[in-house]
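Notes follow the structure.
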Amino acid sequence: MRGRVVAVLCAALLSAVFALPLGAQETAEIAGSVRNGTPGADFDPAEVRLSLNVLEGVVSISETTTAPDASGRFAFAGVPVGPERVYFVSAEYGGAAYSASLRTDELAAPVEITVYEPTASTDALRVESHSVIVTGADANARFIEVFERAHVANDSGRTLVPDLSAQGPAMLSFLRFALPPGAFHLDVRSDLVGGDVLTVDRGFALNIPVPPTPAEQPHRFEFVYRLPYESGSVDLGRTMRFGAGAFRFVIPVSVGVGASPDLTDLGATAFEGGQLQLLEGSAIPRDGFLPMSVNGLPQPTLWGRVESRGGEWFLRYAVPGAAAVALAAALAFAARRRAPVAQLSREALLARAAALREQREGVSRRRYNAEREQIRRALIALESASLLEEEERPPNA
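Counting in the numbering used here, the sequence shown runs from 3 upward without gaps.
The structure is reproduced here in structure tokens:
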């Protein structure tokens, strides 16, 4: 009998323990307000749709919606609390989404979200600065790689919301950037979340809302692409749809010589053992054409031309088999002792790229492409970091 009583008590205790997280899980309330930041707007908070998404890592724990009251105040009650969770409050209004994120120790603070009236006019946007940086050239494949960064401000007090029903290549209500003819391998990044990259006439567009920007905090857009060339020069000229308050054109002296009649050539400056040519301009007008080119581009070497024509035949028969095996083994051994790509200088990265080309047939295609991509991104990061340092350096420093 005593044993039966003990068993019943244990079962009751276990049931209470297992039921505790479901019935007594800690919860909290997230409260705040939503306001309209467009001057003179006739704002009705009832038009705002609010949602709360609770994430733990990449897993969604819960998602709820609510509506603000007539004064714009809102609250989410019974929110499940966890130490490693992030709480995203999103407000949808006028075709755009505005959000705020909180961590567990911030739940007691009121959430304030500002929304704006929409506009379909790109006159709301202006480009504060635009930089075009030639990061390198592949003489044998005959292409250059270009990295561009644009700082875009919106001082209108309204959010640019693209008209998704617009037809034709112009897409006049979209944020657009021009590209030189023949550009390929385009990769676009920005500090705005979501949206798609769409091909338009001589460039690309983004179908993403662009909200107003605080003072000195413009939106940042970065993109990289490759551009083929046949002779010793390549044309980078383009129509500046939104103009630019400041413009920079940067070319490694080892790649070629930059030229533009509308930019001032400031000469070359030493950087990481190399030389960078810098051309600058200001007050580039909207819809104005900016001519730019890179001349004196590297040409394929005799080795590269023979390799390109012969393909696998050259490596299999023109290079002695024993030497090829020895070279591949030496490079493979050296690769195991290399420093991480991200810690190398530009010269070391270029040397590694040359060595990688030499061992192309000694490694798998997958490994070759992966290492080549690491080197490419490391070179872009170096050039981007150097330009950012120059932009943040005080005048007359």
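We treat Cβ as the ideally placed atom computed from N, Cα and C, and that holds for glycine.
About 13 Å separates the Cβ atoms of L281 and P254, ruling out a contact at the 8 Å cut-off. For P47, the secondary structure class from DSSP, reduced to helix, strand or coil, is helix. Cβ atoms of Y100 and V81 stay farther apart than 8 Å, at about 20 Å. Between the alpha carbons of L181 and T161 lies a gap of roughly 25 Å. The three-state reading of DSSP puts Q376 in helix, counting H, G and I together.
The residues P47 and A48, in chain order, have a CB closer than 8 Å to that of A72 in the same chain once the five nearest residues on each side in sequence are set aside. H153 counts as buried, since no fewer than 16 other beta carbons sit within 10 angstroms of its beta carbon.
The stretch 239–256 and the stretch 285–305 touch, with no fewer than 3 CB-CB distances between them shorter than 8 Å. In this structure, V199 lies near V190, with their beta-carbon atoms less than 9 Å apart.
The distance from the Cβ of V257 to that of L229 is about 12 Å, inconsistent with a contact at the 8 Å cut-off. Straight-line measurement puts the Cα of D125 at about 26 Å from the Cα of F149.
Within the same chain, Cβ atoms closer than 7 Å to the Cβ of T215 are found at A155, N156 and H221, the five residues on either side in sequence being excluded. In this structure, F179 lies away from F145, with their beta-carbon atoms at least 9 Å apart.
Sorting D44, V136 and T66 by C-alpha distance to the C-alpha of V226 places V136 at the top. A straight-line Cα-Cα distance of about 11 Å links S233 and P302. Distance from the Cα of P263 is smallest, within the candidate group Y95, M294 and V36, for M294.
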